[in-house]
Each structure stands twice: as C-alpha cells, then as structure tokens.
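Colleague:
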Amino acid sequence: MSLDKLTRALGDMFNPKPRYITVTPVTDKSAEPVLPPPQALPRHVAIIMDGNGRWATGRGLPRSAGHAAGTEALREIIRASDDWGIGALSLYAFSTENWSRSKEEVGALMGLLLKYFTSEIDELDEKNVRITILGDVDGMPEPQRDALVRAMQRTAKNTGLRLNIALNYGGRAELTRAARLLAQAVRDGEIEPEDIDEDAFAARLYTAGLPDVDLLIRTSGEMRTSNFLPWQLTYAEMVFDDCLWPDFDRTRYMKCLSVYAGRDRRFGGVKGQMPSTDTPDKEDAT
Ligand code: IPE
Ligand code: IPE
Ligand code: MG
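Straight run, no breaks: the sequence shown in the numbering used here ends on number 1363.
1. From N1235 to D1355, what distance separates their C-alpha atoms?
2. With a 10 Å radius around its C-beta and 16 neighbouring C-beta atoms as the bar for buried, classify M1315 as buried or exposed.
3. When burial is assigned at 16 or more other CB atoms within 10 Å of the CB, is M1351 buried or exposed?
4. I'd like the list of long-range same chain contacts for F1344, defined as Cβ closer than 8 Å, with 5 residues on each side in sequence excluded.
5. Does the beta-carbon of L1295 have 16 or more other beta-carbons within 10 angstroms, so that it is buried, or is it exposed?
6. Give the straight-line distance between the Cα atoms of A1150 and P1114, rounded to the nearest whole angstrom.
7. Identify the residues that DSSP records as bridge partners of N1241: which are they?
8. Is any heavy atom in ligand 3 found nearer than 8 Å to the beta carbon of N1129?
9. Pull up the CB-CB distance for L1259 and V1290, whole angstroms please, since I reckon it's below 8 Å.
10. Beta carbon of G1286, beta carbon of D1159: below 9 Å?
11. Output the boundary residues of the alpha helix (DSSP H) element that contains M1315.
12. Would you kindly check if the distance between the Cβ of K1348 and the Cβ of D1341 is under 9 Å?
13. Go to A1279, then tell me how far its alpha helix (DSSP H) extends in each direction, as first and last residue.
14. Examine the Cβ distances between the segment 1216-1229 and the segment 1272-1280 and report whether three or more of them are shorter than 8 Å.
15. Give every residue of the same chain whose Cβ lies closer than 6 Å to the Cβ of G1212, excluding the five residues on either side of it in the sequence, and list them in chain order.
16. Is I1098 helix, strand or coil when you go by DSSP?
17. Tell me which residue opens and which closes the alpha helix (DSSP H) that L1259 is part of.
18. For I1210, which residues in the same chain have their Cβ closer than 7 Å to its Cβ, ignoring the five residues on either side in sequence?
19. Could you tell me if the beta carbon of M1126 falls within a distance shorter than 8 Å of some heavy atom in ligand 2?
20. Distance, Cα to Cα, G1164 vs T1232?
21. From what residue to what residue does the alpha helix (DSSP H) around L1334 run?
22. Tell me the start and end of each unbroken alpha helix (DSSP H) in the segment 1277-1309 that is at least 4 residues and wholly inside, in chain order.
23. List the DSSP bridge partners of A1133.
24. Measuring CB to CB, does P1323 end up less than 9 Å from A1146?
25. Can you tell me which of V1122, S1196, D1318 and V1111 puts its alpha carbon nearest to the alpha carbon of P1288?
26. Pull up the CB-CB distance for I1124 and L1168, whole angstroms please, since I reckon it's below 8 Å.
27. State yes or no: is the C-beta of P1110 within less than 9 Å of the C-beta of T1253?
28. Using a Cβ-Cβ cutoff of less than 6 Å, which residues in the same chain neighbour G1346 once the five nearest sequence positions on both sides are dropped?
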C-alpha cells in the first residue's frame, strides 16, 4: 500500500464519513401526492412540530411569532387528520426540557396554549374529537391546567379522532412514572411481580389503550426524537420533512402519508415465511 493510501485509510478510520440512516426526506420537488387508501393509512400518527423559532427569526420576527404561526398549521393538520379518518394523532407541543427556554418564550407558549384551547374546544367537541393530554398536567400553571382538565373532561366520551397533545411531556419521565405505578400496584397487593409484562407496562403509559405509533413525522430537518414517546415509537416508520412547522400543510402531510404507505414494515420477520412455532429450547442455547 502506498504511503498516500495508508494515510487516507488511517484518516477514514479516525474521521469516518457520516452515515445517514435511510429516511426519505420530503422535499418541495416531490410530485403532487395523493391520499393513500384507508387500509394503507397509519392508525396512529405522531408529530414533532419543530422549527417555529427558525421560521420567525428567518423573518426578523420574535420567536413567539413563530409559535403563533405554528398554531395555524396545528389547526390544519388536526382538521386533515379528522377528514382523512386517522384514528389517533399525537402532537408534541411542549417538552419537559422546554422549560429551560427564556421566561418570555415560555410565557408566550403558555399564553398561546390557553388561547388555543379557548378558541378551538367547541369545534373539536362538535367534531367528536377526544382530547387527551400526554404529560404531567399537574405541573402546568393553574390556568392552563384548568383549561386542559376541562377539555379532557368535556370530550372524554367522544368517539372520533383521538387527539393527544403532549405538554410538559418527557419520554423518560413517562417510563419512570409507569415503573412507579407498577411498583405501587405490587406493594398494594394488586398484582404480583410476575404479572409485569409489556401489556401491564403499556397500560400505565399516558397512551394506555391506544395502538403504538405507526408513523412519526418531524419537521425542520432535525433527525432525532427528543424524548418523545420512546415506548410507543419502537416500530414506527419515521419521515423527516425539511420544512419548518408553520409551513407544514395538508399537502406535505399527505406526502408524508404516501411515503409511509410505500414503506415495507417487517417487524423483525421475513416476508413470505411462515412464522416458526418453536420456542427456543433452553438446552439448545447453552
Ligand atoms: C417547536 O419549535 C416548538 C416548541 C418546541 C415549543 P422550536 O421553538 O423548537 O423552533 P426551533 O427548533 O428553535 O426553530
Ligand atoms: C421538541 O423540539 C419538542 C417539541 C417540538 C415540543 P425541540 O426543539 O425542543 O427539540 P431539540 O431541542 O431540537 O432536540
Ligand atoms: Mg426546536
């Protein structure tokens, strides 16, 4: 090997070229999407609504203007989900980590939240939407907490779209809470430690009773989950859209749904093979 080649090989070893996971970015250049047939639609869509701040600063506006613009996109996506018969929609609106933002920004977000629930609740209720808050509602400021509890109570019996809004939500906090609830149930003699299985765990999550997430969409080009629904996303298909959340609309949403419909979901199996009925033998494994 020449010295030049050797130097390059060593360089590659210490500075490997970035390897990107195979996601399908949705770009403006893509063809006009069509809505996939109902059987090809996800039952549960989760969205990380990201990019409000960049949308605003790019226009020389305060970040709060981006959050205000973001609520318009929110309205449109909830309506579209309802129109298209999506069973459940989980939206990441405020994480436990978002409290670390400035007082002004957190205040603006809390103000918008109150405004949103006041102005939208009648229409959502009329549309038979059932609202659930994912996250620690008790840790929210009082006016917001009251509005959230009222919205959940008012729509509790609705049978249409399951609209989950993640507020003061953290995935690790959700898992820790489930573990604590299980420990309490054992302590109180309600269950035995042997009863703790995946169903028992899932039943203690904020999303109890809902199917796992089929499709995760994140806007703004970031490719991370930022502590959102770690349990529920285990087998979700992920679609990352470069556009900033206030620019996300029905057309882009439809495009994400058609990307999802084109994915090959295998859940660890192999297409065309009959599942084995054998369970691994302990002796074989040794
Ligand atoms: C998402 O937009 C909204 C919230 C996190 C509340 P951001 O505010 O994170 O926007 P960027 O990522 O800074 O552009
Ligand atoms: C995730 O976005 C939270 C919400 C969209 C509400 P962030 O903007 O807070 O996430 P990071 O900081 O980029 O990971
Ligand atoms: Mg962000």
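We put the CB at the ideal spot given by N, CA and C, even for glycine.
Note that this is a predicted model, so its numbers are computed, not measured.
Modeller: Here's the rundown:
1. 43 Å
2. buried
3. exposed
4. Y1312
5. Inspection of the sequence shows that residue 1295 is occupied by Arg rather than by Leu. Under this definition R1295 is a buried residue.
6. 24 Å
7. Bridge partners of N1241: S1167 and T1209.
8. yes
9. So it is not a contact: roughly 22 Å between Cβ atoms.
10. no
11. Where M1315 is concerned, there is no enclosing alpha helix (DSSP H), although the beta strand (DSSP E) it sits in stretches over E1314 to F1317.
12. Yes.
13. E1275 to A1279
14. no
15. A1243, L1244, N1245 and Y1246
16. Reliability fails at I1098, whose pLDDT of 39 lies under 50, so the model's placement of it is uncertain and no value is given.
17. Here the alpha helix (DSSP H) through L1259 covers G1248 to R1264.
18. L1225, M1229, I1242 and L1244
19. yes
20. Rounded to the nearest angstrom, the gap between the Cα atoms of G1164 and T1232 is 15 Å.
21. R1327 to A1338
22. none
23. Its beta-bridge partners do not exist; DSSP assigns none.
24. yes
25. V1122
26. 5 Å
27. Taking 9 Å as the cut-off, the Cβ atoms of P1110 and T1253 do not count as close.
28. none
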